[in-house]
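Numbering (the numbering used here), first residue to last: 13 to 297.
For glycine and all other residues, C-beta sits at the position ideal for the given N, C-alpha and C.
Comments concern the structure below.
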């Protein structure tokens, strides 16, 4: 009897361990084996695994799942909540591709981590926008108004260029996407610029007259519909910071990846992005 009970308990513990492993959160990944197939409508379709940030990337991918099946592939999306694991997962072969980053981030990641991932296609741009806090419109901008902006070099430069485009400040000629507050040459309204982490700008907004917020932080919140003005889709920032699908070198020519490029750059996907996200997410194809 003691031996029987020991066997039963051991079996239950093993089942419990499997359950925990399968519920380890959105940042967990599943090792991909090739060739891999999945049953869909009675057929075995080759699987394409793509790592993605939850919004808008995973949502955009989910919208093309049926189109991918029509192309002959089972698109499986694995959500990640950090910016390191998706690139490592592709480089290690656990994922076939990822969709969460722009080219400057990928270039920096490759240099720092000795990886060589490449872009297969650029899909969308998440423009920075000016949002109202204590002041409702830019026309009501008062002398000494406070504006909160992201503090990281890339997004702060974009924020300052957006403010300059509205005539709120003037920047030194030629600084472009390297601009900092030290490059402000004119500030007719004497606005005070507060620099905080990009993710914290929405929370700081109620204490300031305006805030410059990344599109991905506005998506899915009540802020999205209050945007006053955003970066021009034809701007240098839009061309530079378009979000891409990244793969290992040579993988961009694979049939499954080419099918993904096709459906992601279709008119149906353009319509989905435009209708769902408005000015917060802009197609670049």
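CA-to-CA distance, residue j to residue i, given in whole angstroms
i: residue 166; j: residue 231; result: 20 Å
i: residue 271; j: residue 124; result: 31 Å
i: residue 134; j: residue 178; result: 28 Å
i: residue 268; j: residue 85; result: 7 Å
i: residue 203; j: residue 223; result: 12 Å
i: residue 27; j: residue 61; result: Residue confidence for residue 27 is low, a pLDDT of 33 falling below 50, so the modelled location carries little weight and cannot support an answer.
i: residue 197; j: residue 102; result: 44 Å
i: residue 212; j: residue 168; result: 13 Å
i: residue 105; j: residue 57; result: 19 Å
i: residue 274; j: residue 292; result: 23 Å
i: residue 156; j: residue 189; result: 25 Å
i: residue 229; j: residue 141; result: 11 Å
i: residue 176; j: residue 201; result: 12 Å
i: residue 39; j: residue 96; result: At residue 39, the pLDDT of 37 sits below 50, so the modelled position is not reliable; the number obtained from the coordinates is stated separately. Cα-Cα distance, rounded: 10 Å.
i: residue 254; j: residue 139; result: 9 Å
i: residue 132; j: residue 122; result: 15 Å
i: residue 191; j: residue 182; result: 11 Å
i: residue 298; j: residue 119; result: With the chain covering only 13 through 297, there is no way to say anything about residue 298.
i: residue 35; j: residue 77; result: Per-residue confidence for residue 35 stands at a pLDDT of 29, beneath the threshold of 50, marking its modelled position as unreliable; the derived number appears in the next sentence. Approximately 23 Å, taken between the alpha carbons.
i: residue 311; j: residue 297; result: No statement about residue 311 is possible, as the shown extent of the chain runs from 13 to 297 and does not include it.
i: residue 220; j: residue 280; result: 39 Å
i: residue 89; j: residue 153; result: 44 Å
i: residue 79; j: residue 164; result: 38 Å
i: residue 215; j: residue 151; result: 23 Å
i: residue 87; j: residue 207; result: 40 Å
Close beta carbons around residue i, own chain, < 6 Å, minus the five adjacent residues each side
i: residue 65; result: 112
i: residue 250; result: 137
i: residue 75; result: 284
Where the beta strand (DSSP E) containing residue i begins and where it ends
i: residue 223; result: 222 to 225
i: residue 87; result: 86 to 91
i: residue 213; result: Segment 213 to 216 is the alpha helix (DSSP H) holding residue 213; no beta strand (DSSP E) there.
i: residue 141; result: 141 to 144
i: residue 196; result: 196 to 198
i: residue 203; result: Looking at the DSSP string, residue 203 is not in any beta strand (DSSP E), and its letter there is neither H nor E.
i: residue 161; result: 158 to 162
Limits of the alpha helix (DSSP H) - the one that residue i falls within
i: residue 119; result: 115 to 125
i: residue 77; result: 77 to 82
i: residue 165; result: 165 to 177
i: residue 98; result: 97 to 103
Residues that residue i bridges to, as DSSP identifies them
i: residue 136; result: 255, 295
i: residue 278; result: According to DSSP, which records beta bridges pairwise, residue 278 is partnered with nothing at all.
i: residue 63; result: 90, 110
i: residue 242; result: 141
i: residue 183; result: 196
i: residue 208; result: 162
i: residue 130; result: 259
For residue i, the nearest candidate out of the options (CA to CA)
i: residue 109; options: 289, 260, 293; result: 260
i: residue 217; options: 162, 264, 257, 183; result: 162
i: residue 91; options: 78, 132, 72; result: 72
i: residue 83; options: 69, 59, 63, 289; result: 59
i: residue 199; options: 187, 215, 185, 180; result: 180
i: residue 252; options: 114, 185, 278, 186; result: 114
i: residue 248; options: 170, 93, 210, 209; result: 170
i: residue 94; options: 153, 282, 286, 63; result: 63
i: residue 300; options: 277, 164, 295, 207; result: Any answer about residue 300 is impossible in this case: the structure gives the chain only from 13 up to 297.
i: residue 144; options: 208, 234, 207, 87; result: 234
i: residue 69; options: 256, 266, 262, 278; result: 256
Heavy atom of the ligand COA within 7 Å of residue i beta-carbon
i: residue 236; result: For the structure depicted, the ligand COA is absent and the ligand set is empty, with no information on it obtainable.
Close beta carbons around residue i, own chain, < 7 Å, minus the five adjacent residues each side
i: residue 205; result: 159, 161, 193
i: residue 264; result: 130, 132
i: residue 187; result: 195
i: residue 236; result: 230, 290, 292
i: residue 174; result: 140, 142, 224, 243
Own chain, CB closer than 8 Å to residue i, minus 5 neighbours either side, in chain order
i: residue 99; result: 110, 113, 118, 121, 125, 127, 129, 258
i: residue 149; result: 240
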